[in-house]
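Since the structure comes first, as structure tokens, the remarks are kept for the end.
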Amino acid sequence: MAILKVARLGHPVLRQRALPVEPERIRTPEMQRFIDDMIETMREYDGAGLAANQVHTLAQVAVIEVLANPRYPEAPEIPLTVVINPVVTPLVEEQEDGWEGCLSVPDMRGVVPRFTAVRLQCLDREGQRVDLVAKEFFARVIQHETDHLNGIVYLDRMRGLSTLSHIAE
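Note that the working numbering has the sequence shown beginning at 3, numbered continuously upward.
Next up, the structure:
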């Protein structure tokens, strides 16, 4: 496994839409190694999630996990979730403001409105269909990561930049 280089805000790959992964490619050794490298990279940098765009790969793959994460000490735990070719559907009209950060925008946070409940339909790392309902923080992370796969960063979702802050402040 390897730690992958994370693209920073300004790199064009972050503004590109990722391409769907053909189901027959999912179980290949190359894709499985890539998923493992994404997981290792996310954990190395204490991310709550990581999208393939962020590691210079235009494939609709994201990984999510929160287990006693020092960047999100108050966050509920989220088990390791591998998301391939996601379709995210809001289940409510209500949006809630919440602080977000991003490994591609290091040391910064901003308040972002997100739907409080979403349906996630995707494939897992075995190519099996996943259909789940996520709420609150898990829903926020899913929306954040699938935004990446569509070339959107959290700054684009902020209502204004007045809450954009350096973490140390």
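For glycine and all other residues, C-beta sits at the position ideal for the given N, C-alpha and C.
All values reported here derive from a predicted model rather than from experimental measurement.
Based on Cα-Cα distance, which residue from 23, 115, 90, 101 lies nearest to residue 169? Nearest C-alpha to residue 169: 101.
Boundaries (first-last residue) of the beta strand (DSSP E) holding residue 131
131 to 137
Member of 139, 52, 71, 84 whose CA lies at the smallest distance from the CA of residue 97 = 139
Legend entry - beta strand (DSSP E) runs wholly inside the segment 33 to 108, at least 3 long, in chain order: 51 to 53, 63 to 68, 80 to 92, 97 to 104
Return yes when the Cβ of residue 23 is within less than 8 Å of the Cβ of residue 85, no when it is not. no
Problem - Residue interval of the alpha helix (DSSP H) (run including residue 21) - result: Unbroken run through residue 21: none, as it is neither H nor E.
Exercise. Use the C-beta contact count for residue 4: other C-beta atoms within 10 angstroms, 16 or more gives buried, fewer gives exposed.
Key: exposed
**Asked** Thinking just about the alpha-carbon of each residue, which of 25, 14, 7, 21 is nearest to the one in residue 129?
**Response** 25
**Message:** Closer than 8 Å is the cut-off here; do at least three beta carbon pairs connect the segment 106 to 114 with the segment 156 to 168?
**Reply:** Yes, the segment 106 to 114 is in contact with the segment 156 to 168.
Exercise for review: Please classify residue 146: does DSSP put it in a helix, a strand, or coil?
Suggested key: Helix.
**Request:** Indicate whether residue 71 and residue 48 have their beta-carbon atoms separated by less than 8 Å.
**Result:** The criterion of a C-beta distance shorter than 8 Å is satisfied by residue 71 and residue 48.
Review point. Of all the options 30, 56, 45, which has the alpha carbon lying nearest to the alpha carbon of residue 74?
Key: When the alpha-carbon of residue 74 is set against those of 30, 56, 45, the nearest one is in 45.
I think residue 20 touches residue 151, with their Cβ atoms under 8 Å apart; what is that distance to the nearest whole Å?
Yes, residue 20 and residue 151 are in contact; Cβ-Cβ is about 4 Å, under 8 Å.
So the candidates are 142, 7, 80; which of them puts its Cα closest to the Cα of residue 92? 142
Measure from the alpha carbon of residue 14 to the alpha carbon of each residue in 32, 57, 145, then state which is nearest.
57
- residue 157 - containing alpha helix (DSSP H), residue span: 156 to 159
Just the C-alpha distance for residue 16 and residue 171, rounded to the nearest angstrom, thanks.
Between the alpha carbons of residue 16 and residue 171 lies a gap of roughly 26 Å.
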